[in-house]
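Let me begin by presenting the structure, written as structure tokens, before commenting on it.
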Amino acid sequence: MGKIENKGGGRPVGYNTSFAEEVFRNVDFGEEIKMCMQCGVCAASCPLSLKMDFSPRKIFTLIRAGKREEVLGSQAIMLCTSCYSCKVRCPRKIPVVDVMHGLANYALRQGFVPRKNTSVFGGEFWRQIYKLGRIDEKDLSRRYFFADGLVPGIKNSLEMMDMGLQMLLHKRMKLLPERPIKGIKALRRMLDKAEQMGKGGARA
Amino acid sequence: MDKKTIVYICTGCGIGDAVNVDQLKEVVDEDFSLPCKDHPFLCGPEGLAMLKQDMESEGVNTFVLAACSGRVNYDVFNLGPEAIVERVNLREQVAWSMPPQDEDTQMLAEDNLRIACAKVKDTKLPEAFKAEEEYAKDILVVGGGLAGLTAALETAKAGYNAVLVEKEATLGGWLARNKKRITMPYKELTDTGIEDLVSAVTGNPKIKVYTSASVEKVEGGPGLFSVAIKADGNAVTERIGAIVQANGWVPYDANKLGHLGYGKFKDVVTNVEFELMAAGGKIARPSDGKEVKNTLFIQCAGSRDPEHLPYCSSVCCMVSLKQATYLKEQDPEAVNYILYKDMRTVGQAEDFYRKAQNDGNIFIRGSVKEVGESGGKLFVEADDELLAERIRIEEIDLVVLAVGMVPATKPLQTPRIKAPQDAPDKDEEGMIEVQPDSGFFATPALRLAYRQGPELPTLKYGFPDSHFICFPYESRRTGIYATGCVRKPMETAKVLDDAVGAAMKAIQCCEATANGIAVHPRAGDMSYPEFNMNRCTQCKRCTEECPFGAINEDEKGNPLPNPTRCRRCGVCMGACPERIISFKNYSVPMIGNMIKAIHVPEEDEEKPRVVALICENDAYPALDMAGIKRMKWSPYVRFIPVRCLGSVNLVWVADALSRGIDGLLLFGCRHGDDYQCHFIKGSELANTRLGKVSETLDRLALESDRVKFVEVGISDYHKIPQIIDEFMETIESVGPNPYKGW
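Protein chains in written order, with our numbering: chain A, -17 to 186; chain B, 12 to 753.
Below is the structure:
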């Protein structure tokens, strides 16, 4: 048995299942969590687990124990880069990637913003796709860099300046604004439908 | 029989290139005056035709085949029961592991031939043992639970009669008291099916059932058992061929689990009590009969705990999943917490674990810290290992302790016997605790009239001793096979397989005994030990050391051998200080003569000689494997295979050293708790006896470094060259044996 820390200031934590039930009902693929047997293969496979506050396995434990704030406020659920290592390897065939995205989405809907820049990036990405049907690189990075304010924005921009110049030189980024794609209206109808189904529209 | 012997040398497989065959033929002629032929392909059709023709036209009945290892082509060179065939290993241990056309290689091949020729000289053709009475082939099954019923039914299906003895008034054992069971394919709960099994057994004309019965006495040996049974107060005697012991298990005593609230709170019950409650109808709180809403299962209650049951019973996880399912069936809103150390649902049973997860049971990995009561309900505090926090679960109606299985053979209290005088831990009255590794340890089930105790010797947790991997059913009493949960904890699907296996082993034993041949592991061996009683000094070493309790003794201490109980290991032969125990084809003088046949060069030739007595079960195949892998070792070692290191008589050490042999190596199996000896105690006994060998060495004024015991497993072949090299270095540093040339 590992070392048990008493985070609750000496008082043992209660165990309640209401948050698990909330997740099962509201989160995409949330019900899959109950098949987790805590083997930890997802955590071991995840290239980002070192950056995460809770590994995917731990997230599942916290859900079962009813730790709503920790889970929905967790950086981990927004750090998933959809590499699919966990989903491929899970012996219980839990779509961990989809659960993580489902949780991130649900967290934002519930007013939690675990990672502001990630949600700004997602929101801006969606907005541009909706507007143009493509990404305007300079506009997207500008919004992303300045998400935390002016000073970090300038700092971020200066750091990435060399890459920006190279991209300009190789015509990967244009100075002029991007134009919408052909058939943008058809794309918008699809995105509207996705939004209606609750499957789209990352929020900032 | 008159022996007519010819030596055949095969020159195939590189043997002809490695050694000078003509020189070998000369050795056979000069030292033993035996005719010798060679053939380029002895195991081929022409080579075999030559052997058969010599047998038919010239009446050859003893064949020395100098070719490959005796462990290969044994079927090809099986020349029938009337022929003595001795194999000389010139391939794996000479041609493949020694430099070709070398003086030392040639000397090794010559010595190997001399050893074999000396052996066949003393070998007699074994005759099967035949008892005066007629052999019985009925199978006694002790225990009428799932294992016993299945074993009896399978015996009957195979055409043999079974006698079933059950101590309760009804058949069915624990399974009859279960509500449902989980078995293949592990998707849903199924009916126990015990009624059908019981009626199949009671309705079978080949099965005689005694209920409320016990075995009062077992005399004789396999094929000749006379079993006294007391049934409903009446005494009957049955003649039995072999015995299946299936007396099952008891739950671990929960009264020792006070720290989990058992005995303190009425609503803390064991899984067995819960099962009985479920089978009786409604599951309710024992304290007030109210309905059960929240239940917490504590897994490994006392199991995998050095203070209680140190082992895993392998079924309690599934039992709790089953019982959680009862609760969900009774009330779909019921909440079940399962507090576990590790969920162990072996094999396909994992499917039922998935079902239980899908049903919404809550699994918590951790250890209980407190079970308590507040406001009429129970609470449990535990260290949640995955959260790394102390948790508290409240409002619990029922706590179920998943207790493990204890074999019925394990006594509640360790029996005490009178200690021998030199025992260090005896108490004031001179009594000492019986070790599990003894026939006097287990609770009465068979009451064998054996000198070595009335029950099967057990392993340290009380399960009857068996070779866990290689021959699991074999116990240390020949013809008695343990099966079911008394052998090891197992689930019902496994019990079915296990019981069939034990029944088949019992039938095999009856047939082998009736044909006068040995059962496992020397299956088919016709030889058996014969005692030259004129010279017996009643020292009781053989009766004490036989690992299988084969030898009883009379009041004067004379051994009374029971050949049908014998496994032919030769431990008695190794034990006997008077050397009065011999087999027709294996004896103390025979091995002595084989050692004496080795040619020992003069000291100034600087060619030391080492004799390696090697266990033919594990170490010899390992040595062959090293040869097959073309590993190299010293050409000065002469290997003599023995049935078991337990059959090594210390006189051989004196024989070898007084002849000028520089050292002795003994290759045996691992011993101790995880022993690998086919005869259980053989290598351990050899090691103990060898501890006393320094006496012999002192008498000869020799260094004790000259004799070494090494443990070798069958997979340790890669270590053998190193072991030999290190020993040769020791011999070199000790110097040559001063007895050379005497």
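Just so you know, even glycine gets a beta-carbon here, dropped at the ideal spot from N, CA and C. All of these numbers come straight from a predicted model, not from anything done at the bench.
One thing to note: E160(A) has its Cβ no nearer than 7 Å to the Cβ of D130(A). Residue pairing from DSSP places I375(B) in a beta bridge opposite L350(B). For T100(A), the nearest beta carbon of chain B is not closer than 7 Å to its own beta carbon.
Secondary structure note for F650(B): its beta strand (DSSP E) is the uninterrupted segment V648 to V653. One thing to note: C62(A) has its Cβ no nearer than 7 Å to the Cβ of C24(A). Contact between I591(B) and N543(B) holds: CB atoms are separated by about 4 Å, below the 8 Å threshold.
Among the bridge pairs identified by DSSP, R403(B) is matched with G(-4)(A) and E392(B). Across the structure, I691(B) and V530(B) are spaced so that their CA atoms are roughly 15 Å apart. In its chain, beyond the 5 residues on either side, K190 and Y337 have a beta carbon closer than 6 Å to the beta carbon of A289(B).
Where A89(A) is concerned, the enclosing alpha helix (DSSP H) starts and stops at V78 to R91. Between D35(A) and Q20(A), the beta carbon gap of about 18 Å keeps them out of contact (Cβ cut-off 8 Å). Interface annotation, I402(B): in contact with chain A, CB-CB separation under 7 Å.
Secondary structure of L90(B) (DSSP, three-state): coil. Residue pairing by DSSP places T306(B) opposite N347(B) and L409(B) in a beta bridge. DSSP places A633(B) within a helical segment (H, G or I) once states are collapsed to three.
DSSP places A187(B) in the helix class (H, G or I) of the three-state scheme. Pairing F88(B) with L101(B) gives a Cβ-Cβ distance that is not under 7 Å. 7 Å or more divides the Cβ of L271(B) from the Cβ of V414(B). As computed with DSSP, G679(B) is found in a beta bridge with E722(B). Spanning the alpha carbons of P422(B) and T469(B) requires a straight line of approximately 11 Å. Fewer than three beta-carbon pairs drawn from the stretch 132 to 146 of chain A and the stretch 164 to 174 of chain A are found closer than 8 Å, and the two stretches are therefore not classed as touching. E706(B) and A697(B) have their alpha carbons spaced roughly 15 Å apart. Excluding residues up to 5 positions away in sequence, A167 and N172 lie with their Cβ nearer than 6 Å to the Cβ of K217(B) in the same chain. In the DSSP assignment, P134(A) falls within the unbroken alpha helix (DSSP H) covering L132 to E141. Y631(B) and S538(B) do not touch by the CB rule: their CB atoms are close to 18 Å apart, not below 8 Å. At least 7 Å separates the CB of M34(A) from every CB of chain B. Distance check between R576(B) and each of F678(B), I528(B) and G154(B) places I528(B) closest, using alpha-carbon atoms only. Around the beta carbon of Q368(B), a 10 Å sphere encloses 16 or more other beta carbons of the protein chains shown; the residue is thus reported as buried. Look at the stretch 331 to 342 of chain B: it has no residue with a C-beta under 8 Å from a C-beta of chain A. Distance check between R124(A) and each of I111(A), K113(A), F107(A) and R7(A) places F107(A) closest, using alpha-carbon atoms only. Only V346, Y348 and M354 from the stretch 345 to 358 of chain B bring a Cβ to less than 8 Å from some Cβ of chain A. The Cβ neighbour count for S0(A), taken over all protein chains shown within 10 Å, is under 16; the residue is labelled exposed. Where P29(A) is concerned, there is no enclosing beta strand (DSSP E), because DSSP gives it neither an H nor an E. Between Q432(B) and K567(B), the alpha-carbon positions lie close to 21 Å from each other. Contact with chain A is absent for E177(B), since none of that chain's Cβ atoms lies less than 7 Å from the residue's Cβ.
Sixteen is the threshold: when 16 or more other Cβ atoms of the shown chains lie within 10 Å of the Cβ of H689(B), as they do, the residue is buried.
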